[in-house]
Structure formats: C-alpha cells, structure tokens
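Anchor point for the sequence shown: position 69 equals 69 in my numbering, and the numbering is continuous, going up by one each time.
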Amino acid sequence: MMAAPLVLALGGSLLRPEESERHAWLSSLADLLSSCDASIGIVVGGGAPAREAIELAKPVLNDVAALDEIGIAATRLNAAIVAQILQGADLDVCAGIPSDVASAARGLEAHKVVVMGGTRPGHTTDNVAIRLAIEAKAARCLIATNVSHVHSSDPRVDADARIIESMSLAELQEIVGPPIHGKAGGSGVIDPIGVQAAIDNNLPLAVLDGRYLDRVADALAGKPFIGTRIEVE
Ligand code: UTP
1 MMAAPLVLAL GGSLLRPEES ERHAWLSSLA DLLSSCDASI GIVVGGGAPA REAIELAKPV
61 LNDVAALDEI GIAATRLNAA IVAQILQGAD LDVCAGIPSD VASAARGLEA HKVVVMGGTR
121 PGHTTDNVAI RLAIEAKAAR CLIATNVSHV HSSDPRVDAD ARIIESMSLA ELQEIVGPPI
181 HGKAGGSGVI DPIGVQAAID NNLPLAVLDG RYLDRVADAL AGKPFIGTRI EVE
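Below, the structure written as structure tokens:
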C-alpha cells in the first residue's frame, strides 16, 4: 500500500523575496520533496502580497468576506509560484491550483505533489491545510511558519513568552482562542478555526520554523524535530 499522504502548510512569510537565500530555499524544498516516499499536499499562505492587497482595499471596502477574497487571490498567486518551481524541478505536480480540498485530495491520489492556496472566505490557509489533512487521511498536519514553536503567549508582545515543545489540541485552543474569523489578513500562530477542526477530527498538528528545511525534513519523515508537536490528548 502507498504511504498516507503528508500535508504541509507553508506560511506566506516563507516566500518573502527579501528573505536572504529564498531561491536556495525553494530549490532545497524541491530536493526535500523529491526524497519523500509519500505524496505531499502543500498549502501556501498569502504573506506580503495578501497583507498589502488587503491594506490597500480596507479603507474603501468594509466587508470581511470581500477582503478575504483578495487574501485568497494572493494565496493562489503564491501557490502558483511554488507549483511552477516544483514542476520546473521535475516533480510530478498536479496541474492547476485546486480550489477546494476535495479536488486537492483527489489530486494526491494521482500525483506526487499538489499545491493549493485558499478556498473560501472565513478562515486562513492553516484551516485549509488541516481540512486537506483530514480529507486525505494524513496522520498529522505540519504547519511551517517563521517562528520556532508555539509560545505560551505572543512573543512579539510578551518578553516572558515560553516555547512549548509538546502540547494537546485543547491546550493549543486555550492559547489561540475560540473558532472565530474576526478579520481578513494577519492572525496568531494558528487559525483558531483550524484548531477546532483538528479537535473535531482528532488530527495531530505540528508547528515548526519552515526557514530551516532540515526541521521540515525531520517532521515529514516522522522523526523527532525542532518545533511543537500538538497531540490529540
Ligand atoms: P493566510 O492563510 O496567509 O493567513 O491568508 P494569515 O493568517 O493572514 O497569514 P499568516 O498565516 O499569518 O501568514 C491570507 C488571508 O486570506 C484570506 C484571509 O483573509 C487570510 O487572512 N483567506 C485565506 C481566506 O479567506 N480563505 C482561505 O481559504 C485562505
């Protein structure tokens, strides 16, 4: 039997061109994916283009769902960049960017890699990745971002924030709060709507710093990794 698919969310901040060595990171990502046995669903966040576009429209567009649609367009742009690069590196990438998780899960049955962005208003790509992991029966959803771990509080505002290496989904929900989509763009460490979906479907998660692809490689291989493991209980 084929190994269960893997699902990896790549925070949009990982694609920032001003980050040094981004092209080296992208080609290492391609190498890393080619060395995996399982098929891999990649869900790409909106990052800087999403933030900029939402900020541009916000003063004249007071509607969260409309701003979300702008954010989704940015995630799909970033997904197209990643998909084309991986295809250019000779990986078997599903053609097109699926617009829902059911089509992405079907793509994973036929291709090594499926790359997608957002789907519909009301959540972020963390929730899309979690939904894809559930749909594709992945054992865990990996969320690669630009922080090393989940912290006990927001490290950007609290100097006493501690890193957490292992926690339960319930403990994560205490940190991220109830499943509400308050505004378009910019959120905490993981979308609280995705955390609720993980709880409802008994899906373990992981949060790790995607700038360090060795950590991502360890997590994809099911080995111990630097980051936070979030277990069902
Ligand atoms: P991101 O997934 O990049 O979310 O989507 P984020 O929380 O703003 O960014 P990170 O995780 O901190 O990098 C960007 C925006 O696009 C909309 C939301 O407004 C989100 O904030 N979006 C995205 C949706 O409405 N639906 C989706 O499926 C995906």
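Heads up, the beta-carbon is just placed ideally off N, CA and C, and yes, glycines get one too.
Residues that DSSP places opposite residue i in a beta bridge
i             : result
histidine 151 : Ile163
alanine 9     : Val43, Ile143
Residue i, DSSP secondary structure in three states
i             : result
arginine 140  : coil
leucine 132   : helix
threonine 75  : helix
methionine 1  : For methionine 1, the predicted model reports a pLDDT of 47, less than 50, meaning its position is unreliable; a value from the coordinates is still stated below. Coil.
aspartate 209 : strand
serine 28     : helix
threonine 125 : helix
valine 157    : coil
serine 34     : helix
serine 168    : strand
Any non-hydrogen atom of the ligand UTP within 6 angstroms of residue i CB
i             : result
aspartate 68  : yes
glycine 41    : no
threonine 125 : yes
isoleucine 72 : yes
alanine 50    : yes
threonine 228 : no
valine 250    : With the chain represented from 1 up to 233, any question about residue 250 goes unanswered, as that position is not in the structure.
glycine 11    : yes
glycine 118   : yes
glycine 46    : yes
proline 121   : yes
glycine 182   : no
serine 187    : yes
valine 115    : no
valine 82     : no
valine 128    : yes
Could you pull out every unbroken beta strand (DSSP E) segment of at least 3 residues lying fully inside the segment 186 to 232, listed in chain order?
-> Segments of the beta strand (DSSP E) lying fully in the segment 186 to 232: 205 to 209, 228 to 231.
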